[in-house]
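Asker:
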């Protein structure tokens, strides 16, 4: 990792990933606003990930500048604290992204459970059969499915 070209390529990849995630996050926020809901930027995982990638790319670019002598000798004493600040900020963002991802997953699961359990016990779920099927077509389809299930059982060795 001493070659500045490798660090430059890595930092370029991180910059591109950061910009891509920021654009995706902005688009999701815009779509949510058009849909009538409000999503804050700090709750959008793509925006946070984009900022994190940009912070990491700044660390790599700062390291390249330091190794190539692009930083004035008087400012070299500030590089280590700047590294620490940028890396700690990236670590905090990584923790927030993981926490927000887990929170979003829990919310989605809770919503799925609520919509699935909203059917009452006496309600019967009708199969999705087109209305233009005749009684004969439905019986024929039932026979085909029964034969296919029997063939699957035979192939698996259960019958």
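Residue numbers (this note's numbering): 226 to 384. Virtual Cβ for every residue (Gly too), placed ideally from N, Cα, C.
#1: List the whole-angstrom C-beta distance separating residue 239 from residue 285, where the pair is believed to meet the contact cut-off of C-beta under 8 Å.
#2: Could you give the residue range of the alpha helix (DSSP H) that holds residue 235?
#3: Can you tell me whether DSSP reads residue 297 as helix, strand or coil?
#4: In this structure, how does DSSP classify residue 325 when only helix, strand and coil are distinguished?
#5: Taking three-plus beta-carbon pairs below 8 Å as touching, is the region 241-258 in contact with the region 267-274?
#6: Excluding the five sequence neighbours on either side, which residues of its own chain have a C-beta within less than 7 Å of the C-beta of residue 242, listed in chain order?
#7: Span of the alpha helix (DSSP H) holding residue 372?
#8: Anyone know if the C-beta pair for residue 237 and residue 280 falls short of 8 Å?
#9: Taking only the alpha-carbon atoms, compute the straight-line gap between residue 294 and residue 288 and give it to the nearest angstrom.
#10: How is residue 264 classed by DSSP in three states: helix, strand or coil?
#11: Would you mind working out which of 263, 282 and 255 sits nearest residue 232, comparing C-alpha positions?
#12: Relative to the alpha-carbon of residue 270, which residue among 335, 291, 337 and 245 has its alpha-carbon at the smallest distance?
Answerer: Let me spell this out:
#1: Correct: roughly 7 Å between the Cβ atoms.
#2: Looking at the DSSP string, the run of the alpha helix (DSSP H) that includes residue 235 is 229-260.
#3: The answer is coil: DSSP assigns residue 297 none of H, G, I, E or B.
#4: Helix.
#5: The answer is yes - the region 267-274 touches the region 241-258, with three or more Cβ pairs under 8 Å.
#6: If we look at residue 242 and ignore the five residues flanking it on each side, its Cβ neighbours are 278.
#7: Under the DSSP assignment, residue 372 falls in the alpha helix (DSSP H) whose first and last residues are 360-381.
#8: Cβ distance not < 8 Å, so residue 237 and residue 280 don't count as in contact.
#9: Each residue's alpha carbon lies about 10 Å from the other.
#10: Of the three classes helix, strand and coil, the one that applies to residue 264 here is coil, per DSSP.
#11: It is 282.
#12: Distance from the Cα of residue 270 is smallest, within the candidate group 335, 291, 337 and 245, for 245.
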